[in-house]
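The next block holds one structure in the form of structure tokens; read it before the comments.
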Amino acid sequence: MKQLVQLSVNGQTHDLVVRPERTLLDVLREDLGLTGSKRGCDLGACGACAVLLDGRPVSSCLTLAVEASGREIVTVEGLARGGALHPVQEAFVEHGAVQCGFCTPGMLITVTALLDEHPEPGEAEILEALSGNLCRCTGYVKILDAVRAAIRRLHGAAPRLSQATTDRTGPAAPAATTRA
Amino acid sequence: MTATRIEYHAPTTLAQAVALLGEHGPAAAPLAGGTDLVPALKYGVLRARHLVSLARIPGHRDIATTAEGGLSIGAFATLAAVARSPLVSAVCPALAEAAAQAGSPLLRNRGTLGGNVCLDTRCWYYNQTEAWRASRALCQKAGGEQCYVNQKQNVCVALFSADTPAALIAVGARATLAGPAGERIVPVEALYSGEGLRPLAKGEAEIVTDIAVPAPPARSGTAYLKHSQRESIDFPLLGAAAAVALSPGGTIASARIALTGARSAPCRLPELEAALAGGPVPAEGDRELARLATGSLGALFLTEAVPHKRRLAGLMAVDAVARAAAAAQGRRTP
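Chains as they are written, first to last, in my numbering: chain Z, 229 to 408; chain S, 7 to 340.
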């Protein structure tokens, strides 16, 4: 049975009738025309569909649209204000942190959420926050450069060196490891 | 979009949720964070047609310490909330470590502790797309006749691979279940049937609502070790949790060890626990104890190509004990 849902997306309220089988990603892209959030794996493993749900980044491909009813959603389209890019977006542009661009909306959402919660995250926190967002162009170095630049831009501070890790180039290390 | 049509129910009380689950029986499934359920619905392997959402039921999301010094955790709390809770880190570091390593940040913001505890078993032949599975008859777990892993005995051996239950079992945590007959409290260990097909021993209409972690004994420590192919967004190939209490003289007074990813349920290692009791704190990599642990495991059915898994299980169990003991001694391990 179809359900009435009220989605608040980027500050705008939409009253919709949707089937419960449909995910938030389906509705954002197909009903609301917000195609910034990408359908990558569609199984919660890549992060390309990340949106903010009540301020926290989640995979919109795993969230049923009916479950998002009445909650605040922000997509990548909601980051820019009055035609001006969000500082995180500006930093991505300036540092060439975009190759094919498919993972970029998810990266921007995740980084924005990180900087909202931790204005001055350390390297370890940055890597941790981005560990659910895959870039299959493997452009992680520039993405991390852009994140550091965004931190400087927003807060005039560089990442705390005490937390720096030097032996990793990206959030997803390929080798099998045993960790504490 | 899920593979089949579903009916969505959004009860606002636990009693309504229990009644809906009871009414629809095997055709119903509780929906918490959906991070494992929704992929299963997309694959078309889950036969539930009625989703009973727990999202609009108030309460059961708080994390608090008890008067005795243990923890009371609402089962609807997200894994992210458990992972970053200073209370959980202080009282049960193994649980915080396990929650912090489940899935990815995006998944932990939706996935719940109760959902992780009640995670379905997984298998190479089951968690696959319709197109992949169409190349052969359905496996037992997907509704067919054959188990493609354990072909001789033809009994489903899908693996239980959630991170947090190992930690909860190591510390002797208990789960509160709400069901048609009211509430009952059981050890987390007792939630599992050991069967790949239907891994939970609870009733279909029962919902895990709260988790209680007992107060840690004096001179005790916990640890969780995870081995996976990728550092994030991955289930453990193996996870080992240990809770160790030391005697005033520094020997091991008691050790509880639980593995995940080894069988169709998280499993304790009673032989290793008995061998450790009263003895000295083992060093990481202690081969003799690791051999004993591996020997006590018996056959492991490997649904993934990990031929060293039995030996690794023994080594990880001993390392988890060594790290838990180091925590009990107040030593930091790298």
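C-beta atoms are modelled at their ideal positions from N, C-alpha and C, and glycine is treated no differently.
Can you check the segment 119-159 of chain S for any beta strand (DSSP E) of at least 3 residues that lies completely inside it and give the ranges in chain order? Not a single unbroken stretch of the beta strand (DSSP E) spanning 3 or more residues falls wholly within the segment 119-159 of chain S.
Identify whether G75 (chain S) lies in helix, strand or coil by the three-state DSSP scheme. To locate residue 75 (chain S), count along the second sequence from 1; it is residue 69. DSSP places G75 (chain S) in the coil class of the three-state scheme, outside both helix and strand.
Beta-carbon neighbours of T453 (chain Z), restricted to chain S and to distances below 7 Å: For residue 453 (chain Z) there is no data in the structure shown, the boundaries of chain Z being 229 and 408.
N-terminal and C-terminal residue of the alpha helix (DSSP H) that G267 (chain S) is part of: In the second sequence, residue 267 (chain S) corresponds to position 261, counting from 1. No alpha helix (DSSP H) holds G267 (chain S); DSSP gives it neither H nor E.
I need the straight-line Cα distance from A328 (chain S) to A247 (chain S), nearest angstrom please. Translated into the one-based positions of the second sequence, residue 328 (chain S) becomes position 322. Translated into the one-based positions of the second sequence, residue 247 (chain S) becomes position 241. A247 (chain S) has its alpha-carbon roughly 11 Å from the corresponding atom of A328 (chain S).
DSSP-derived helix/strand/coil call for H242 (chain Z): Residue numbering aside, residue 242 (chain Z) sits at position 14 when the first sequence is read from its first letter. It is a strand residue.
In the structure shown, what three-state DSSP assignment does Q107 (chain S) receive? On the second sequence, position 101 is the one that residue 107 (chain S) refers to. Coil.
By DSSP's criteria, G291 (chain S) is part of a beta bridge. Which residues make up the other side? Within the second sequence, residue 291 (chain S) is the residue found at index 285, counting from 1. In the DSSP output, where bridge partners are listed per residue, G291 (chain S) has none listed.
Along the segment 354-368 of chain Z, what residues have a CB closer than 9 Å to any CB found in chain S? Under the 9 Å Cβ criterion, the segment 354-368 of chain Z contributes E356, A357, L358, S359, G360, N361, L362.
For A296 (chain S), which residues of its own chain have a beta-carbon under 6 Å away from its beta-carbon, when the five flanking residues on both sides are left out? Counting from 1 along the second sequence, the entry for residue 296 (chain S) is found at position 290. Taken in chain order, the residues that qualify are G320, L321, V324.
So with CB distances below 8 Å, who are the chain S contacts of P285 (chain Z)? One-based indexing of the first sequence puts residue 285 (chain Z) at position 57. In chain order: P111, L112, N115.
Can you tell me whether DSSP reads Q317 (chain Z) as helix, strand or coil? In the first sequence, the residue the question calls residue 317 (chain Z) occupies position 89. In the structure shown, Q317 (chain Z) sits in a helix (DSSP, three-state: H, G or I).
Note down, in chain order, every chain S residue with its Cβ under 9 Å from the Cβ of R250 (chain Z). The residue you call residue 250 (chain Z) lines up with position 22 of the first sequence. Counting only Cβ-Cβ distances below 9 Å, R250 (chain Z) has contacts in chain S at M7, T8, in chain order.
Where does the unbroken beta strand (DSSP E) through L171 (chain S) begin, and where does it stop? In the second sequence, residue 171 (chain S) corresponds to position 165, counting from 1. As written in the sequence, residue 171 (chain S) is Pro, which differs from the Leu given in the question. It is not in any beta strand (DSSP E) - P171 (chain S) instead sits in the alpha helix (DSSP H) that spans 170-176.
Which residues in chain S sit within 8 Å of E295 (chain Z), going by Cβ to Cβ distance? As a working mapping, residue 295 (chain Z) is identified with position 67 in the first sequence. Around E295 (chain Z), the beta-carbon contacts reaching into chain S at under 8 Å are L37, G40, S59, A61.
Using only CA atoms, which one of S:G185, S:L206, S:A176 lies nearest to A164 (chain S)? The sequence position of residue 164 (chain S) within the second sequence is 158, counting from 1. Residue S:L206 is the option with its Cα nearest to A164 (chain S).
DSSP state of L203 (chain S) mapped onto helix, strand, coil: As a first step, residue 203 (chain S) must be located in the second sequence, where it is residue number 197. Three-state result, L203 (chain S): coil.
For M229 (chain Z), count neighbouring Cβ atoms within 10 angstroms of its own Cβ and tell me buried if that reaches 16, exposed if not. Within the first sequence, the letter at position 1 stands for residue 229 (chain Z). So M229 (chain Z) counts as exposed.
For D259 (chain Z), which residues does DSSP report across the bridge? As a position in the first sequence, residue 259 (chain Z) is number 31, starting the count at 1. Assignment of beta-bridge partners to D259 (chain Z) by DSSP yields no partner.
Could you work out which residue in S:A229, S:T19, S:A181 is closest to E103 (chain S) when comparing CA atoms only? Position 97 of the second sequence, counted from the first residue, corresponds to residue 103 (chain S). Closest by alpha carbon: S:A229.
If we define contact as Cβ-Cβ less than 7 Å, is I12 (chain S) a contact residue for chain Z? The count along the second sequence starts at 1 and reaches residue 12 (chain S) at position 6. By this cut-off, I12 (chain S) is an interface position.
At 7 Å on the CB atoms, spell out the chain S contacts of Q231 (chain Z), in chain order. If you number the first sequence from 1, residue 231 (chain Z) lands on position 3. Those are Y14, listed as they occur along chain S.
Look up R284 (chain Z) in the DSSP assignment and say whether it is helix, strand or coil. Walking along the first sequence from the start, residue 284 (chain Z) turns up at place 56. R284 (chain Z): strand per DSSP, three-state reduction.
Thinking A276 (chain Z) and G264 (chain Z) are a contact (beta carbons under 8 Å), I'd like their distance in whole angstroms, please. The residue labelled residue 276 (chain Z) in the question sits at position 48 within the first sequence. The residue labelled residue 264 (chain Z) in the question sits at position 36 within the first sequence. About 10 Å; that fails the 8 Å criterion.
For I301 (chain Z), does the three-state DSSP call read helix, strand or coil? Numbered from 1 along the first sequence, position 73 holds the residue referred to as residue 301 (chain Z). If DSSP states are grouped into helix, strand and coil, I301 (chain Z) belongs with the strands.
Could you name the residues of chain S that L271 (chain Z) contacts, counting a contact when the two beta carbons are closer than 8 Å? Here residue 271 (chain Z) refers to the residue found at position 43 of the first sequence. Residues of chain S with a Cβ closer than 8 Å to the Cβ of L271 (chain Z) are, in chain order, P45, K48.
So for R267 (chain Z), helix, strand or coil by DSSP? Start at 1 with the first residue of the first sequence, and residue 267 (chain Z) comes out as number 39. It is coil, neither helix nor strand.
Buried or exposed (CB count within 10 angstroms, at least 16 for buried), I239 (chain S): Numbered from its first residue, the second sequence carries residue 239 (chain S) at position 233. With a threshold of 16 other beta carbon atoms within 10 Å, I239 (chain S) meets it and is buried.
Taking the beta strand (DSSP E) that S410 (chain S) falls in, what are its first and last residues? What is shown of chain S runs 7 to 340, which leaves residue 410 (chain S) out entirely.
Compare the Cα-Cα distances from R67 (chain S) to each of S:A73, S:G39, S:P45 and report the closest residue. Residue mapping note: residue 67 (chain S) aligns to position 61 of the second sequence, counting from 1. Of the listed residues, the one whose Cα sits closest to R67 (chain S) is S:G39.
Contact the segment 239-251 of chain Z vs the segment 73-81 of chain S: 3+ CB pairs below 8 Å: No contact exists between the segment 239-251 of chain Z and the segment 73-81 of chain S.
Return the bridge partner residues of H30 (chain S) from the DSSP annotation. Here residue 30 (chain S) is taken as the residue at index 24 of the second sequence, counted from 1. According to DSSP, which records beta bridges pairwise, H30 (chain S) is partnered with nothing at all.
Check this for me: beta carbons of V88 (chain S) and A100 (chain S), under 7 Å apart or not? Here residue 88 (chain S) is taken as the residue at index 82 of the second sequence, counted from 1. Here residue 100 (chain S) is taken as the residue at index 94 of the second sequence, counted from 1. No.
So which of S:A330, S:G185, S:G255, S:C145 has the shortest CA-CA distance to P288 (chain S)? Within the second sequence, residue 288 (chain S) is the residue found at index 282, counting from 1. Taking the Cα of P288 (chain S) as reference, the smallest distance to any Cα among S:A330, S:G185, S:G255, S:C145 is reached at S:A330.
I need the boundaries of the alpha helix (DSSP H) containing I371 (chain Z), first residue and last residue. What you label residue 371 (chain Z) is simply residue 143 of the first sequence in a count that begins at 1. Looking at the DSSP string, the run of the alpha helix (DSSP H) that includes I371 (chain Z) is 368-383.
Against A278 (chain Z), what residues of chain S qualify as contacts under a CB-to-CB distance less than 9 Å, listed in chain order? Looking up residue 278 (chain Z) in the first sequence gives position 50. Within 9 Å Cβ-Cβ: L112.
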